[in-house]
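Working notes, structure below.
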Amino acid sequence: MSKLDVFQSMWAMEYRRPDGFELSLEEKIKKIADAGFVGLSFDIGYHSFETIQTAMPLLQKYGLDLVYNAFVKSVPHYEEIIEFVASQPVQPRFIAIVGQIEPWNVDAVADVTRQWMTISEKAGITSHVEIHRNCMTNDLLFTLQLMERVPDLLMVADLSHTLVNQEYYLPLHDMAKQRISEFLTRAEAFHGRVATREQVQVPLMFEQNQPWFDLFKQWWLEGFQGWLARHGKQSDDACVFLCELGPPVYAITDGNGQELSDRWEEALILRDTAHQLWQQAISEQ
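At position 48 of the sequence shown (counting the first as 1) the number is 50 in my numbering, and the numbers step up by one without a gap.
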């Protein structure tokens, strides 16, 4: 039967506290495994190739799967990334491309996207494109046009970026609902973070943020339903939900630089929430 695999972001394992304390690489990976996450993500372009190489034996030791978020500047740059990824002992479920090219001409961006997809296919590595601010998918409407131009393109849904960029207010108006639903028809994987229309990451359990958490739960449920409709409930495929609660400056801090909430505990809440929504989606199929 189709299943949901919940991953944890290695970027999210950073504290960036005023006292400078951080866990070691192995401590981070062991903590992820001990909490029951299926795998983790590295961000190529933020994490160095050397760090990723060092982590490979630890992934094998703790039995964790891998996905990448890759900040890609050009076609040659992606060729370099694929060459590195293909050379490693642990292969990813997929690479989520964050295309760092200017979203000026949708046909030009579509052409580059097809080239990236071809590079991935030749290497036998699955690739998707993530919707993300400050990159080619910065704007939802442009992204929907890109999806029209590249019909076989599947997306990674980090809707926190979308909400902030579009500044949608509550309750969502009909056109906003329609555009998000159009996007979710191609959402192949999901990132877990709760935003408001002005802040990309807010504490999940604060009372004032509950309407936004409810909105994201609606979106994730719709996304899971669409995923199951494409893959089928009885397939052997797995959908990836990545908990990606970033450290400061994503995480909001007080006047002393201390975070307002415990991101690790929130990641566990996101994990459990995703599983609950998945079971709801399965039961409705």
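A virtual CB, placed ideally from N, CA and C, is assigned to each residue, including glycine.
The model shown is predicted, which means the values in this text are computed figures rather than measured ones.
Which of helix, strand or coil does DSSP assign to residue i?
i, result
"N211", "helix"
"N167", "helix"
"Q10", "strand"
"H49", "strand"
"M157", "strand"
"Y80", "helix"
"T255", "strand"
"V152", "coil"
"F44", "strand"
"K33", "helix"
"A189", "strand"
"K5", "strand"
"G234", "coil"
"H277", "helix"
"E200", "coil"
Would you please verify whether the beta carbon of residue i is less than 8 Å from any beta carbon of chain D?
i, result
"L223", "Of the protein chains in this structure there is only one, and it is not chain D."
Around the C-beta of residue i, are 16 or more other C-beta atoms found within 10 angstroms, so that it is buried, or is it exposed?
i, result
"K30", "buried"
"L53", "Residue identity differs from the one stated: residue 53 is Thr in this sequence, not Leu. Counting Cβ neighbours within 10 Å, T53 comes out exposed, since fewer than 16 surround it."
"N136", "exposed"
"V251", "exposed"
Between which two residues does the beta strand (DSSP E) harbouring residue i extend?
i, result
"D67", "D67 to V74"
"I99", "I97 to G101"
Between which two residues does the alpha helix (DSSP H) carrying residue i extend?
i, result
"F243", "F243 -> not in any alpha helix (DSSP H); beta strand (DSSP E) instead, spanning A240 to C245."
"E123", "V108 to A125"
Can we say the segment 212-226 touches the segment 35-48, given the rule of at least three CB pairs closer than 8 Å?
With the cut-off at 8 Å, the segment 212-226 and the segment 35-48 do not touch.
At least 3 beta-carbon pairs within less than 8 Å: the segment 202-209 vs the segment 69-82
The segment 202-209 vs the segment 69-82: no contact.
Contact between the segment 11-25 and the segment 270-278 (3+ Cβ pairs under 8 Å)
Contact fails: fewer than three Cβ-Cβ distances are below 8 Å.
Quick one: any contact between the segment 240-260 and the segment 164-177, if contact means 3 or more CB pairs under 8 Å?
Segments in contact, no.
Does the structure place the segment 121-130 close enough to the segment 146-154 that three or more beta carbon pairs sit under 8 Å?
The segment 146-154, when compared against the segment 121-130, does not touch it at the 8 Å Cβ threshold.
Can you find at least 3 beta carbon pairs, one from the segment 58-73 and one from the segment 180-187, that sit closer than 8 Å?
Judged by pairs of C-beta atoms under 8 Å, the segment 58-73 does not touch the segment 180-187, as fewer than three such pairs exist.
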